[in-house]
Every structure is written in structure tokens, then in C-alpha cells.
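One structure is given here, and the rest of the page talks about it.
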Amino acid sequence: MIKEASLDEVLYIVNYTIRKTAEDVIGFKRYRREPWISDEELNLADQRRTIKGKMSINPQDQDLKQKNTQLKNIINNKVEECREEWFNKKCYEADEANK
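Taking the working numbering, the leading residue of the sequence shown gets 987, the next gets one more, and so forth.
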């Protein structure tokens, strides 16, 4: 028995396939909008983006919503910690330069 896929599912599969193939063939350069964001936060954001894609296919899945919220909170906390650490480091460097 062949399962008929919805338009959203087919679109998700096509988009994923194109992105994955382009990443494998061309490569992928990470873009950092802010200098204090580390690779760990970017990887967490990628995980969250994947979950959000799955949520667009199945918006009623409470487990996905919960994982999305947890990842959002983790990302926000880690980014805030890294931001604070980065600014403290810059302030320390400025103080050392003034001595």
C-alpha cells in the first residue's frame, strides 16, 4: 500500500534533499551574525530548525512543541552567557590596553 504524502511533506522532502545535496557538494560556511555566538549554539539552532520543519508537517505534535521550547530556552541561556563572557573579555582587554 502506497501512502499519499501531503503537499507540505513533499515540499519538506524536496527542500531537505536540495539543501543536503548542496551542502555535500558545495560545502557550507557558517554565518555568525554576532561574534560571541559559538559553534555549540549554532548547532543547537540547527537542531531547533529541524524540529520546526517537522512541526510544520505535524503542527499538533506536542512532543515536538515541547522539544522546540526546551531548545529555545537552552539556546537563549547559552547565548546570553556567551555574550556576557565576550563583553567581559573585551572590557578586560580594554582595561589592560589602558594600563
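Backbone N, C-alpha and C define an ideal beta-carbon position, used for all residues, glycine too.
Remember, it's a predicted structure, so these values are computed and weren't measured experimentally.
Where the alpha helix (DSSP H) containing residue i begins and where it ends
i: ARG1034; result: 1025-1043
i: LYS1006; result: 993-1011
i: ASP1081; result: 1048-1084
Counted within 10 angstroms of its Cβ, other Cβ atoms place residue i as buried (16 or more) or exposed
i: ILE1004; result: exposed
i: ILE1037; result: buried
i: ILE1023; result: buried
i: GLU1027; result: buried
Nearest-angstrom Cα separation, counted from residue j out to residue i
i: LYS1085; j: CYS1068; result: 26 Å
i: ALA1080; j: GLU1066; result: 21 Å
i: ALA949; j: PHE1014; result: Absent from the model: residue 949. The displayed extent of the chain is 987 to 1085, so no value can be given.
Beta-carbon separation (whole angstroms), residue i vs residue j, contact threshold 8 Å
i: ILE1061; j: LEU1030; result: 5 Å
Distance CB(residue i)-CB(residue j) smaller than 9 Å
i: LYS1058; j: ASP1047; result: no
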